[in-house]
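Structure first, then comments.
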Amino acid sequence: MSDAPAWLRSALAALTLAAPSGLLLYGFLSAELEGRVGLVLAAGALAVAGAWRTGWLGRLVRMAGERALVTAFTLLAGGLVAVFHDDPFVLLLMARAFIVLVACLGLHVQLADAGVPNFAGAAFFGVGGYTAAMLGRGALPHPLVLLAGGAVAAAAGSLLLLPLLRTRGHYAALITIAFGLLFRTFFEVNESLGGPQGLKLAGLEILGFRFNDDRRVLGVEVSGYAGYCLAAVAMVLLALVLVRRLERSWLGLALDAVRLDETAAACFGIEVARWKIAAFTLGNALIGVAGGLSAMMVGFIAPNNFSFQESLVLVSILLLGGLGNVAGLAVASLIVVWLPEKLQPIQEFRYLLFAALVVMVLVLRPTGLVPRALRRPFGSPAA
Amino acid sequence: MDLLAQYVMNGVMLGLMYALVALGFTLFFGVLNVIQFAHGDVLTAGAFAGLAGYAVAVHAGVEAALPQLLTVALAATLSMALLGAVLGRALVLPLKGAPALNVLLATLMGGTALRECIRLFYPGGSQPQRFPALLPSASWSLGRFTVRLDNLLMLATGVGLILGLSLVLQRTRLGLAIRAVAQDEETARTMGIDFRRVVLLTFAVGSALAAFAGVMNGLYYNEVNFGSGLLLGVIGFSAAVLGGLGNLSGALLGGFLFAGLQTLGAVAMPFASAYKDVFAFGMVILLLAWRPTGLIGERLGERV
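Quick look at the structure:
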């Protein structure tokens with residue numbers, strides 16, 4: 000295989016990775032009974048652990064390369080949407096996981112790249128949602144409404160810039176925590192924004208295409224959520240390309256420097272404040288856009304959806320996946336969003352189990368599931 | 000005027016509660032440089048432990064209020080001292096040297112687990128529980144201003160506890176050891192101080208304070224709720240940070256300041272008293288923007 004052309008090798012490796020994961024995801028999503036869910040989970044855990052131990056996982060991932068992996072992810076997601084085209088529950092689950100992934104990519108830029116803590120992720124998510132709720136009724140085209148959600152979230156975040164730039168560590172963390180609580184209380188008591196009952200939203204509509212309607216495509220009944228799911232996948236791709244390009248560019252280098260050592264970065268002429276502002280604002284914008292899409296999909300938004308707990312869930316996904324690793328992030332958001340929903344009998348215990356899981360990962364494997372990959376020096380061979 | 004006095008009285012009660020929680024945060028930060036964020040839920044657990052102690056006392060046929068009160072207080076503080084040490088041992092010490100964010104998240108999640116345990120496993124824990132009024136309910140009125148004896152008793156006990164804590168820290172060998180560890184862990188170790196023991200004892204003491212605040216909270220509102228610890232924890236943390244982490248008088252100042260801000264928010268905006276938390280947290284952000292390491296903060300020069 001070593002003499003095959005590079006693209007073929009990468010395609011084959013990506014396929015080898017995608018096929019079993021697709022099978023696993025299909026098995027997991029289609030499983031109805033707890034027994035089968037457990038079986039699929041055990042099989043998945045075994046397969047991943049085995050591939051990891053023998054080193055095959057790492058080798059295949061390296062061989063495939065990022066581009067092939069992203070393509071494989073897209074095809075996989077598209078394939079799953081096609082398979083579950085008439086199952087609104089599964090489609091909703093998938094769309095939610097993808098939207099959460101976009102929001103986590105925003106947090107990733109802030110926390111993993113620039114080292115700016117944000118414990119108010121859910122609040123910015125909610126800002127995007129409320130913006131979508133207010134603007135979505137007007138004549139503004141919906142893609143612009145989503146972007147406006149991001150812009151308003153970024154603007155709301157800019158209120159925090161000055162305090163965030165002046166503080167560090169726990170003090171900075173407290174500022175975002177306080178902001179998250181403040182915002183939630185604000186939405187709860189503000190009657191013009193629906194108070195605790197929240198607001199209803201119109202569904203997403205692009206160029207006259209209404210995402211909420213079920214329709215027949217080529218003679219097959221397709222649930223309305225399939226459209227949302229595809230929109231979420233598109234959003235993930237856009238965010239992924241944006242974030243990875245950012246990280247691989249000199250901008251990413253500057254962010255890394257700021258995170259690792261502010262003083263040293265400043266000594267090398269990197270303007271710390273500027274990069275922190277850029278990362279924080281970009282991250283909030285991503286979170287806001289994701290929040291807008293989520294609110295439009297669910298058709299309803301209330302302050303309860305963005306409590307401090309939810310912010311914690313977002314940060315946990317980051318740490319669970321491995322701070323600084325986008326692949327780990329994707330895996331972690333799937334686990335965190337899907338697992339509790341699929342394990343209906345333990346619904347009551349899910350926060351408890353989730354909390355215990357996070358604590359266990361943090362104590363036993365502090366780097367997360369997939370540790371941060373080292374930046375390769377320029378000119379070094381790929382892998 | 001009398002209405003104002005009433006506000007001040009309520010503010011002082013709240014401030015004492017916040018200060019007690021903030022003291023725990025600042026103690027933990029002092030010895031280990033970590034934030035133990037399960038602290039708020041330890042407070043709730045303390046209130047529920049006290050409630051369980053009350054149930055046991057009633058079941059055992061204890062009728063008089065004073066022994067009941069003692070049972071509640073002892074059950075709460077002792078069990079939470081133990082729980083605090085266990086949390087320190089299981090969650091915080093193993094993560095020593097990990098990034099601060101990891102410890103923050105681990106303890107937050109530990110707190111979530113604790114809260115969920117109360118909700119799921121305490122009989123009727125998902126509903127607010129009535130907390131028995133164990134203190135004498137005499138009160139004196141002065142116009143619209145009412146002083147209640149139970150509030151005064153709580154106030155006195157709380158102030159006594161804080162004074163006791165500062166005495167322990169300043170005058171005893173344990174206090175000396177805690178201060179030594181807070182100042183410089185390695186030097187303290189070379190001086191023969193058992194680091195683990197000091198840390199765990201600090202966690203026990205801080206958590207017992209939180210348990211007391213929990214019982215106080217229950218007695219004050221006559222109700223405990225499994226979720227109330229989260230907000231109280233965040234407020235206590237804000238108070239500790241506002242005063243300057245690792246600084247005991249800072250924690251006291253922060254606690255009363257936060258209560259003052261809340262009260263001020265409620266008084267200044269009577270039309271919108273629901274916004275009092277918005278106001279208080281907004282002020283916290285502003286104050287931190289003004290003094291980034293707290294009001295009585297550590298002043299650190301940066302060494303490269």
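Line order of the protein sequences matches chains X and R.
The opening position of the first sequence corresponds to residue 0 in numbering that gives the first Met the number 0, with each subsequent residue numbered one higher.
The opening position of the second sequence corresponds to residue 0 in numbering that gives the first Met the number 0, with each subsequent residue numbered one higher.
Every residue gets a Cβ at the ideal spot worked out from N, C-alpha and C, and that includes glycine.
Look at the Cβ atom of Ala119 (chain X), then the Cβ atom of Ser310 (chain X), and state whether they are nearer than 7 Å. Along the first sequence, read from residue 1 onward, the residue named residue 119 (chain X) stands at position 120. Along the first sequence, read from residue 1 onward, the residue named residue 310 (chain X) stands at position 311. Yes, the Cβ-Cβ distance between Ala119 (chain X) and Ser310 (chain X) is below 7 Å.
Under three-state DSSP, which class holds Thr145 (chain R)? Residue numbering aside, residue 145 (chain R) sits at position 146 when the second sequence is read from its first letter. Three-state DSSP puts Thr145 (chain R) in a strand.
Can you check whether the C-beta of Phe194 (chain R) is within less than 7 Å of a C-beta belonging to chain X? On the second sequence, residue 194 (chain R) is found 195 positions in, with the first residue counted as 1. For Phe194 (chain R), no Cβ of chain X is located within less than 7 Å of the residue's own Cβ.
Enumerated in chain order, which unbroken segments of the alpha helix (DSSP H) with a length of 4 residues or greater are wholly contained in the region 120 to 193 of chain R? 148 to 170, 172 to 182, 184 to 189
Output, in sequence order along the chain, the residues in the region 253 to 265 of chain X whose CB is closer than 7 Å to any CB in chain R. Thr262
Compare the Cα-Cα distances from Gly253 (chain R) to each of R:Met268, R:Leu263, R:Phe236, R:Thr262 and report the closest residue. The residue you call residue 253 (chain R) lines up with position 254 of the second sequence. Closest by alpha carbon: R:Phe236.
Leaving out the 5 sequence neighbours to the left and right, which residues in its chain are closer than 8 Å to Ala132 (chain R) when beta-carbon positions are compared? By 1-based counting over the second sequence, the position of residue 132 (chain R) is 133. Closer than 8 Å at Cβ, skipping near neighbours: Asp149, Leu218, Asn221.
Short check: CB of Gly29 (chain R) to CB of Phe255 (chain R), under 7 Å? The residue given as residue 29 (chain R) occupies position 30 in the second sequence. The residue given as residue 255 (chain R) occupies position 256 in the second sequence. Result no, Cβ atoms of Gly29 (chain R) and Phe255 (chain R) do not sit closer than 7 Å.
Collapsed DSSP secondary structure at Ala381 (chain X) in the structure displayed: Locating residue 381 (chain X) in the first sequence gives position 382, counting from the first residue. Unreliable positioning characterises Ala381 (chain X) in this predicted model, as indicated by a pLDDT of 47, which lies under 50. The coordinate reading is nonetheless provided below. Coil at Ala381 (chain X), not helix or strand.
Beta-carbon separation of Gly110 (chain R) and Ala51 (chain R) under 7 Å? Locating residue 110 (chain R) in the second sequence gives position 111, where the first residue counts as 1. Locating residue 51 (chain R) in the second sequence gives position 52, where the first residue counts as 1. Cβ distance not < 7 Å, so Gly110 (chain R) and Ala51 (chain R) don't count as in contact.
Those runs of the beta strand (DSSP E) which lie wholly inside the region 152 to 219 of chain X and span at least 3 residues: 214 to 216
Which runs of the alpha helix (DSSP H) fall wholly inside the region 325 to 365 of chain X and span at least 4 residues, in chain order? 325 to 341, 349 to 363
Residues that Phe384 (chain X) bridges to, as DSSP identifies them: Because chain X is modelled from 0 through 382, residue 384 (chain X) falls outside the range shown and cannot be assessed.
Quick check: is the beta carbon of Ala354 (chain X) nearer than 7 Å to any beta carbon in chain R? Sequence index remark: in the first sequence, residue 354 (chain X) carries index 355 (1-based). Yes, because at least one Cβ of chain R sits closer than 7 Å to the Cβ of Ala354 (chain X).
At a Cβ threshold of 7 Å, is Asp40 (chain R) touching chain X? Within the second sequence, the letter at position 41 stands for residue 40 (chain R). Taking Cβ atoms only, chain X never reaches closer than 7 Å to Asp40 (chain R), which makes this a no.
Going along the region 184 to 195 of chain X in order, which residues come within less than 9 Å of chain R, judged by CB to CB distance? Listed by position, the residues of the region 184 to 195 of chain X near chain R (Cβ gap below 9 Å) are Thr184, Phe185, Glu187, Val188, Asn189.
Let me know the secondary structure DSSP gives Glu65 (chain X) once reduced to three states. Taking the first sequence and counting its residues from 1, the one referred to as residue 65 (chain X) is at position 66. Glu65 (chain X) falls in the helix class under three-state DSSP.
My understanding is that Val233 (chain R) touches Ile176 (chain X), with C-beta atoms under 8 Å, so please give their C-beta distance in whole angstroms. As a first step, residue 233 (chain R) must be located in the second sequence, where it is residue number 234. As a first step, residue 176 (chain X) must be located in the first sequence, where it is residue number 177. Sure, about 6 Å apart at Cβ, within 8 Å.
Contact check, Val108 (chain X) vs Leu281 (chain X) under 8 Å by CB: the rounded distance? On the first sequence, residue 108 (chain X) is found 109 positions in, with the first residue counted as 1. On the first sequence, residue 281 (chain X) is found 282 positions in, with the first residue counted as 1. So it is a contact: roughly 5 Å between Cβ atoms.
Name, please, each residue of chain X whose Cβ falls closer than 7 Å to the Cβ of Ser237 (chain R). Residue 237 (chain R) sits at position 238 when you count from the first residue of the second sequence. Under the 7 Å cutoff, chain X gives Leu173, Ala177.
When R:Thr43, R:Met268, R:Val158 are compared against Tyr121 (chain R), the one with the closest alpha-carbon: Within the second sequence, residue 121 (chain R) is the residue found at index 122, counting from 1. Just measuring C-alpha positions, the residue of R:Thr43, R:Met268, R:Val158 sitting nearest Tyr121 (chain R) is R:Thr43.
Glu222 (chain R) - partner residues in DSSP beta bridges: The sequence position of residue 222 (chain R) within the second sequence is 223, counting from 1. Paired residues: R:Arg129.
Cβ of Leu40 (chain X) within 7 Å of any chain R Cβ: Counting from one through the first sequence, the residue named residue 40 (chain X) turns up at place 41. By the rule that beta-carbons nearer than 7 Å mark a contact, Leu40 (chain X) does not touch chain R.
Quick one: list the residues of chain X neighbouring Val20 (chain R), beta-carbon separation under 8 Å, in chain order. The residue you call residue 20 (chain R) lines up with position 21 of the second sequence. Taking a Cβ-Cβ cut-off of 8 Å, Val20 (chain R) has no neighbours in chain X, whose nearest Cβ is about 14 Å from it.
Within 10 Å of its beta-carbon, does Asp255 (chain X) have 16 or more other beta-carbons around it, so buried, or fewer, so exposed? As a working mapping, residue 255 (chain X) is identified with position 256 in the first sequence. The residue is buried, with at least 16 neighbouring Cβ atoms inside 10 Å.
Asn283 (chain X): CB within 6 Å of a non-hydrogen atom of the ligand COA: As presented, the structure is devoid of all ligands, the ligand COA included, so that no description of it is given.
Is the region 84 to 95 of chain R close to the region 193 to 203 of chain R, with three or more CB pairs under 8 Å? yes
Phe299 (chain X) - partner residues in DSSP beta bridges: By 1-based counting over the first sequence, the position of residue 299 (chain X) is 300. X:Lys199.
Using the beta-carbon count (16 or more within 10 Å), is Met16 (chain R) buried or exposed? Along the second sequence, one-based indexing puts residue 16 (chain R) at 17. Buried.
Check whether the region 133 to 152 of chain X and the region 348 to 360 of chain X touch, using three or more Cβ-Cβ pairs below 8 Å as the test. no
According to DSSP, is Asp112 (chain X) helix, strand or coil? Taking the first sequence and counting its residues from 1, the one referred to as residue 112 (chain X) is at position 113. Asp112 (chain X): helix per DSSP, three-state reduction.
For Gly304 (chain R), go through chain X and note every residue whose CB falls closer than 7 Å to its CB, in chain order. With chain R represented from 0 up to 303, any question about residue 304 (chain R) goes unanswered, as that position is not in the structure.
Element boundaries [alpha helix (DSSP H), containing Pro66 (chain R)]: On the second sequence, residue 66 (chain R) is found 67 positions in, with the first residue counted as 1. That run of the alpha helix (DSSP H) goes 64 to 86.
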